[in-house]
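What follows is one structure encoded as structure tokens, with my remarks underneath.
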Amino acid sequence: MKVLVLGSGVIGVTTAYFLHKDGHDVTVIDRQSSAGQETSFANGGQISASQAMSWASPETPQLMLKWLGRNDAPLLYRMRLDPKLWVWSLRFLANCNPKNFTLNTAKNLRLALYSRTLLPEIRQNTGIEYDFLNKGIIQVCREEKDFQAYAKQACVLKDLGCENKILTAKQIFEIEPAFSASPDKIIGGIYTPDDESGDAQKFTAGLAEYLFNLGVNFRYNETVEKINIKNNRVTSVQTNKELVNSDAIIVSLASYSPILLKPLGINIPIQPAKGYSVTVPTTGYNAAPTVSITDADHKIVFSRLGERLRIAGTVEFTGYNTDINHERVRSILNIAEHIFPAAGDYSRAEFWTGLRPLTPDGAPIIGKTRYENLYLNTGHGSLGWTMCAGSGKIISDLINNRSSSINVSDIGLNRF
Ligand SMILES: Cc1cc2nc3c(=O)[nH]c(=O)nc-3n(C[C@H](O)[C@H](O)[C@H](O)COP(=O)(O)OP(=O)(O)OC[C@H]3O[C@@H](n4cnc5c(N)ncnc54)[C@H](O)[C@@H]3O)c2cc1C
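Take any residue in the sequence shown, note its place counting from 1, add 6, and you have its number in our numbering.
Laid out in structure tokens, this is it:
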């Protein structure tokens, strides 16, 4: 079957991998000049089932109020004259209760764990290199209250199948010696040994090159302008260059998915949630962590990517604006330099921003639409790298009329 994947981010390219493996004639279209140039470009690098918790948590509304108006706050919400944002926000708040939080976290975790089991297969089959590390992820805490709360959450994740251990500060120093040189006092944390880290952009670009060599068609520098329909089926897309026909289409356009779907009468609740990362060269420095870290207090993550340390975090609801707010990105840099002063050359830090495609319940939208050959694989929010392999496999199973290895009944569009 001729299948068209819209978007060459980590989600689109991983979907193309599974479709090609199933024998389809796959074409990927992207407006950028190569794969993985937008949200998948410089993310936190974590393959983190441990971070499957939905952002719509019972604590989030309180935190939003606490941080309101602070330009360096981890979460910046600016009220704008945008009815779509208001409706999305109300839906998000409606999910901030214990029952929905648990349900949403459980579905994220199911997909994250499934995805983690599929990534080794891609690594082995393709031989691509992406600064992969399988040293786990440590979530560190400095306040007793936070430690108790995260330990409780870790038990819930463990009951749902995500193996983890509660650690003392001494045990953390043994796993990640870089902390012993840090002036910052850690009181304990949670260690998820099976989580991984790696460079999502390198993975995406490497996988795209591997697929290209096997005959997958990548059409870069081409913007999709319209999806065409006839008799309840999609037939083609109109790009800025030409009409491209297809037997099936998968939309993996992240935050831009709603724009192309709206004219088809498909309204998907995705808002761009802007985040920042800082990448610091570590060559010549020997005090950078190698185990990936989630810093619960500062709401940032650290991942060692070869000779670089990536630090990422913050959330900003400022529409599709991708300008770098230097105050916010500096605040990430300052925290990193304070925690690991000798980790790298902070004066040569590279700054980046990307738009996480966030749904109101924090879970992606994967599955069929009302058009029988149009599929969605989008809305992965802060977990797209973590969930890419599972998401791609689910789509390929759907197109091949195979049932999926995990329950997918609650991650489709019909839940909204
Ligand atoms: C600061 C930050 C830190 C993060 N950290 C992590 C992490 O540690 N772990 C994790 O799992 N996830 C993380 N994420 C989330 C993760 O990066 C995203 O979920 C993931 O990259 C989404 O992938 P995607 O393929 O859907 O989107 P993208 O990579 O954005 O791909 C979408 C593609 O669609 C193309 N496109 C859009 N519109 C059109 C059009 N009209 N025509 C043609 N092409 C078009 C774009 O060019 C783009 O290449 C982070 C995100 C941010 C911002």
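C-beta: ideal position from N, C-alpha, C; glycine also.
For P126, the enclosing alpha helix (DSSP H) starts and ends at 104 to 132. By the neighbour-count definition (other C-beta atoms within 10 Å, threshold 16), A187 is an exposed residue.
Under the DSSP assignment, P363 falls in the beta strand (DSSP E) whose first and last residues are 356 to 364.
Looking at the DSSP output, L10 shares a beta bridge with T33, I255. Between P199 and E169, the beta carbon gap of about 7 Å places them in contact (Cβ cut-off 8 Å). A distance criterion of 8 Å places the beta-carbon of Y282 in contact range of ligand 1, judged by its closest non-hydrogen atom.
For L74, there is no enclosing beta strand (DSSP E), as DSSP marks it with neither H nor E. In the DSSP assignment, K280 is bridged to E322, L361. In terms of CA proximity to Q130, L213 leads the group V284, T375, L213. When I371, A155, G51, R408 are compared, the shortest CA-CA separation from A260 is found for I371. Scanning the region 354 to 420 for uninterrupted alpha helix (DSSP H) segments of 4 residues or longer gives 390 to 405, listed from N- to C-terminal end. Within 8 Å of the C-beta of A184 there is not a single heavy atom belonging to ligand 1. Here DSSP, grouped into helix, strand and coil, assigns C168 to coil. For K27, the enclosing alpha helix (DSSP H) covers residues 16 to 27.
A straight-line Cα-Cα distance of about 27 Å links G398 and I317. Of all alpha-carbon atoms in T359, S402, E343, the one lying nearest the alpha-carbon of Y352 is that of E343. Secondary structure of R310 (DSSP, three-state): strand. Distance from the Cα of L82 is smallest, within the candidate group S410, G281, N379, for G281.
Distance check between S410 and each of Y216, R310, F308, I400 places I400 closest, using alpha-carbon atoms only. Looking only at R84, F98, G167, the smallest Cα-Cα distance to K113 is reached by G167.
Within the model, the alpha-carbon separation for E135 versus E44 is close to 20 Å.
DSSP places S242 in the strand class (E or B) of the three-state scheme. In terms of side-chain proximity, the C-beta atom of C168 is found no nearer than 8 Å to any non-hydrogen atom of ligand 1. Within the same chain, Cβ atoms closer than 8 Å to the Cβ of E228 are found at I35, D36, R37, T245, N246, K247, the five residues on either side in sequence being excluded. Exclusion of the five residues before and after R84 leaves F323, T324 as the residues of its chain whose Cβ lies within less than 7 Å of its Cβ.
For the 9 Å CB-CB criterion, A184 and V286 do not form a contact.
Per DSSP, the beta bridge partners of F224 are V34. Checking the DSSP bridge columns, you'll see K232 partnered with Q244.
Between L87 and A254, the gap from beta carbon to beta carbon reaches 9 Å or more. Judged by DSSP secondary structure, G271 falls outside any alpha helix (DSSP H); it is assigned neither H nor E. In this chain, the alpha helix (DSSP H) harbouring I345 covers 332 to 345.
Contact annotation, M393 with L96: C-beta distance approximately 26 Å; criterion of less than 8 Å not satisfied. About 7 Å separates the beta carbon of P80 from that of G319, a gap short enough to meet the 8 Å contact definition. One alpha carbon belongs to I233, the other to I265, and they sit about 11 Å apart.
For T33, the distance from the CB to the nearest heavy atom of ligand 1 is not below 8 Å. Our two residues, W92 and P67, have alpha carbons roughly 14 Å apart in a direct line.
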